[in-house]
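Only one structure is covered here, and it is reproduced in the block below.
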Amino acid sequence: MKARTLHLPVSWRPRPYQLDLWNHLLGGGLRADVAAHRRWGKDEVALHWTALAASNRTGAYWHLLPEAAQGRKVIWDAVNPHTGKRRIDEAFPRETRVARYNSEMKLELANGSTWQVLGSDNYDSLVGSSPVGVVFSEWSLAKPEAWSFIRPILAENGGWALFLWTPRGRNHATRTFESRQGEKGWFTLRSPATETDVFTPEQLEQEKREFIAELGSEEEGLARFATEYMVDFNTAQPGAYYASLLGQAQTENRIGRVPHDPALKVDTAWDLGIDDYTAIWFFQQAGREVRVIDYFETSGVGLQEVVRQALAGKPYVYGTHHLPHDVMVRELGAAGRSRLESLHGLGVWPVEVGAAMDPEERINAARLMIPICWFDAEKCDLGLTRLRAYRKRWSRVTHSYSGPLHDEASHGADAFGEFAVTRRGSAGPRAAARRPAGQALGWMG
734 MKARTLHLPV SWRPRPYQLD LWNHLLGGGL RADVAAHRRW GKDEVALHWT
784 ALAASNRTGA YWHLLPEAAQ GRKVIWDAVN PHTGKRRIDE AFPRETRVAR
834 YNSEMKLELA NGSTWQVLGS DNYDSLVGSS PVGVVFSEWS LAKPEAWSFI
884 RPILAENGGW ALFLWTPRGR NHATRTFESR QGEKGWFTLR SPATETDVFT
934 PEQLEQEKRE FIAELGSEEE GLARFATEYM VDFNTAQPGA YYASLLGQAQ
984 TENRIGRVPH DPALKVDTAW DLGIDDYTAI WFFQQAGREV RVIDYFETSG
1034 VGLQEVVRQA LAGKPYVYGT HHLPHDVMVR ELGAAGRSRL ESLHGLGVWP
1084 VEVGAAMDPE ERINAARLMI PICWFDAEKC DLGLTRLRAY RKRWSRVTHS
1134 YSGPLHDEAS HGADAFGEFA VTRRGSAGPR AAARRPAGQA LGWMG
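Below you can see the structure in the form of structure tokens.
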């Protein structure tokens, strides 16, 4: 019996509003970034495109979600409600496959290609692999370092990358999307629900009302609707602490070019991580005005490397370094020295050590300080992203917000709040660390 010839995709065609993306990929495009509303069919397009690409070029293909568990739910086990079939079976018909590995969420195709669902949170565990096609689904919630890790691999082997997401405030996803617009080789698309036929106007109004009812606040409900359906990059995330204040700063042109003034000393404010992020802000004060001129962030490196990367080579004359109270804690791995003593040994002083306090004190101090701040848009870009994303923790049990969420945004926000509490003229608690004997004033390179 003659084998049946399959032409991919099977029983599927892109919807009219998906055609521009599909034709870009079909025409050999290697980079695409799509910010689209919920139910746009982003993952559906990605699955069918990957199946077609894998049939034409033998290689490894990845579909990345922010976490592997999320990938299992929304991709591997997902069922198309319109057909009752599993989505992976529709995109990768059984005739095209020779093996299916459930625990690994991996398919082996007849031509030798493989396709796998993975978590972008563990991108560094994929060392040694060389994919030729990668989908970054829910890119706005993923670790941006994942793309930094994978990009050179695709550049070397001529592979493609597809970014699919819905906004979550102004974070790495919005920043990279805007930088890619008009860039050679990139397809970019922002697609709100009012420009597709997925929902009727009546359905959109119903979604808006339900968001307001679910969140118990018209402001929060409208913000969620604007983000999820209108693909609004500038709407604050629900529960955000500083987004509206920063929006006001943008309107008042207090976010722009703020050059370093050599006549003023530069104060810093730190949040120190060990296996986590370390964040440092750079401030200059002129009268009542606070100029935020720079921001530094890193992770997974020791204090010596932090000091070298953050302070060395900058044309700044340092004033006071503001650090949180836990800098006084002694560490077993540092011969019993505190991190403060380690920093002194690296020439970082004078240091102002803040007192232990409720996070709300830092938040309130930061809220009072932002209206008198001027931010350098370029040098503080990542820091501003962190401040905009800093938000309250949502409890699914009580359906209410309770305290700040600890995530990648909290480190930069804590450092900013530390300065707001302990800066010159503040009524907040402070404990000045004494100058170590035999050291000159300021940072010693």
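Counting in this note's numbering, the sequence shown runs from 734 upward without gaps. Glycine residues also receive a C-beta, built at the ideal position from the N, C-alpha and C atoms. In this text the structure is predicted, and so the values were computed from the model without any measurement.
Between Leu-797 and Leu-851, the C-beta gap is smaller than 7 Å, which places the two residues in contact. For Arg-833, the uninterrupted beta strand (DSSP E) run begins and ends at 830-834, by DSSP.
Membership of Pro-749 in any beta strand (DSSP E) is not indicated, and neither H nor E is assigned to it by DSSP.
The C-alpha of Val-807 is placed about 21 Å away from the C-alpha of Arg-957.
In this structure, DSSP gives Val-807 a helical state, which the three-state scheme calls helix. In this model, Arg-942 and Asp-930 are separated by some 20 Å (Cα to Cα).
Taken atom to atom, the span from the alpha-carbon of Arg-913 to that of His-1139 is near 30 Å. Bridge pairing for Gln-1017: Arg-1024 [DSSP]. The Cβ-Cβ distance between Thr-783 and Gly-892 does not fall below 7 Å.
The beta carbon of Leu-937 sits closer than 7 Å to those of Ala-926 and Tyr-962, all from its chain and outside the five residues before and after it, given in chain order. Unbroken alpha helix (DSSP H) stretches of 4 residues or longer found wholly inside the region 925-965: 934-948 and 951-961, given in chain order. The alpha-carbon separation between Glu-916 and Asp-753 amounts to approximately 17 Å. According to the DSSP assignment, Trp-782 belongs to the alpha helix (DSSP H) that extends over 775-789.
Annotation for Trp-872: no beta strand (DSSP E) segment contains it, and DSSP assigns it neither H nor E. In the structure shown, Ser-1143 falls within a helical segment according to DSSP collapsed to helix, strand and coil. Here Ala-906 is not near Ser-853, since their CB atoms are 7 Å or more apart. Among the bridge pairs identified by DSSP, Asp-1114 is matched with none.
For Val-1060, no alpha helix (DSSP H) segment is defined, and its DSSP state is neither H nor E. Per the DSSP secondary-structure output, Ile-988 pairs in a beta bridge with Phe-1108.
Note: Phe-920 is bridge-paired with Ala-765 in the DSSP secondary-structure output. Secondary structure note for Asp-822: its alpha helix (DSSP H) is the uninterrupted segment 820-824. Spatial neighbours of Leu-759 in its own chain (CB-CB distance under 7 Å, excluding positions within 5 residues in sequence) are not present. Judged by beta-carbon spacing, Trp-848 lies beyond the 7 Å limit of Ala-801, meaning their Cβ atoms are not closer than that value. DSSP places Trp-755 within a helical segment (H, G or I) once states are collapsed to three. Between Leu-1117 and Ala-1146, the CB-CB gap reaches or exceeds 7 Å. When the Cα atoms are used, Tyr-1049 and Ala-765 turn out to be separated by approximately 40 Å. Per DSSP, Asp-1009 has no beta-bridge partner at all. Between Ser-881 and Tyr-856, the alpha-carbon positions lie close to 10 Å from each other. Taking each of Leu-763, Thr-960, Glu-952 and Asn-813 in turn and checking the Cα distance to Arg-884, the smallest one comes out for Leu-763. The C-beta distance from Phe-1149 to Ala-1099 rounds to 6 Å, short enough to meet the 8 Å contact threshold. When DSSP states are grouped into helix, strand and coil, Ser-846 belongs to the coil group.
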